[in-house]
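When you number the sequence shown by the working numbering, it's gap-free, plus one each residue, and the end is 280.
We put the beta carbon where it would ideally sit given N, CA and C, even for glycine.
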Amino acid sequence: AKLGRTFRGGNTGFAECLQTNDAIDKAIDAEDNKTRNLLIKTLMNIGCQSEENKETGRIRFIYQGEYFSIDAEDESPFITVWDTYWARVSLENLDINKLKDAINETNISMRPTIFYSIEKEESEVCLHCKYTMPFIIGIPDINNYLQANLNNFFIAHECLKVEFKNLGEKDVQQNIKGRTIIKGFNIK
Numbered sequence: 093a094k095l096g097r098t099f100r101g102g103n104t105g106f107a108e109c110l111q112t113n114d115a116i117d118k119a120i121d122a123e124d125n126k127t128r129n130l131l132i133k134t135l136m137n138i139g140c141q142s143e144e145n146k147e148t149g150r151i152r153f154i155y156q157g158e159y160f161s162i163d164a165e166d167e168s169p170f171i172t173v174w175d176t177y178w179a180r181v182s183l184e185n186l187d188i189n190k191l192k193d194a195i196n197e198t199n200i201s202m203r204p205t206i207f208y209s210i211e212k213e214e215s216e217v218c219l220h221c222k223y224t225m226p227f228i229i230g231i232p233d234i235n236n237y238l239q240a241n242l243n244n245f246f247i248a249h250e251c252l253k254v255e256f257k258n259l260g261e262k263d264v265q266q267n268i269k270g271r272t273i274i275k276g277f278n279i280k
């Protein structure tokens, strides 16, 4: 609906001004609602300071002491959240088949997918999580939505530990930084 009124003599300047202001407001809203800008604004709203990794273009931030990265493209209504290197497992006493089984069992019930990489130089298996999710302006209470999905990563970490423990292992250690270092991927 166009707002405005016609002045005597057919002057429509006021109506044109309102239309111009409306167009500018819509353009600003459209820019704010693009995936990357919406994500940066939402991260700020939940208390996370973000920065862009210039090499990868990923948005990087800390949430509850954990480093996360997010792929967010304005052309896509989806973002991919990465939680990399959240645990390191020594290959020394590791039963890799039990680890694979625990990861598979965890991935069945969790939104974030757990996967691993092998660091041959350090003789470690490194654990990572990722999750692709919708992220658009129309999501109700988007701040809580993002926080709930980030919290799912911590739940996935714990679920994996429980699954591995259920497979008969014990003994977890914490390093000085508070990141989980798992020797033989055992849980107490």
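Cα-Cα separation between residue i and residue j, rounded to whole angstroms
i	j	result
residue 241	residue 169	16 Å
residue 246	residue 202	11 Å
residue 147	residue 211	22 Å
residue 174	residue 223	7 Å
residue 133	residue 206	27 Å
residue 239	residue 126	19 Å
residue 190	residue 254	12 Å
residue 144	residue 186	36 Å
residue 281	residue 232	Nothing in the structure corresponds to residue 281, since the chain is present only between 93 and 280.
residue 195	residue 259	11 Å
residue 256	residue 213	25 Å
residue 166	residue 129	8 Å
residue 33	residue 157	Only positions 93 to 280 of the chain appear in this structure, which leaves residue 33 out of reach.
residue 161	residue 150	6 Å
residue 135	residue 183	36 Å
residue 235	residue 155	13 Å
residue 164	residue 225	10 Å
residue 197	residue 172	22 Å
residue 137	residue 209	33 Å
residue 159	residue 152	7 Å
residue 142	residue 192	33 Å
residue 228	residue 188	39 Å
residue 118	residue 140	For residue 118, the predicted model reports a pLDDT of 48, less than 50, meaning its position is unreliable; a value from the coordinates is still stated below. The alpha-carbon atoms of residue 118 and residue 140 are separated by roughly 27 Å.
Unbroken alpha helix (DSSP H) run spanning residue i, endpoints
i	result
residue 255	234-258
Bridge-paired residues (DSSP) for residue i
i	result
residue 294	Residue 294 is absent from the structure shown; the chain starts at 93 and stops at 280.
residue 210	217
Terminal residues of the beta strand (DSSP E) in which residue i lies
i	result
residue 216	216-226
Fill in: Secondary structure, beta strand (DSSP E): runs of 3+ residues fully inside the stretch 120-202
DSSP runs (the beta strand (DSSP E)) wholly in the stretch 120-202: 142-144, 151-155, 158-164, 170-182.
Worksheet item: Does the stretch 216-230 come close enough to the stretch 178-198 that 3 or more CB-CB pairs lie under 8 Å?
Response: yes
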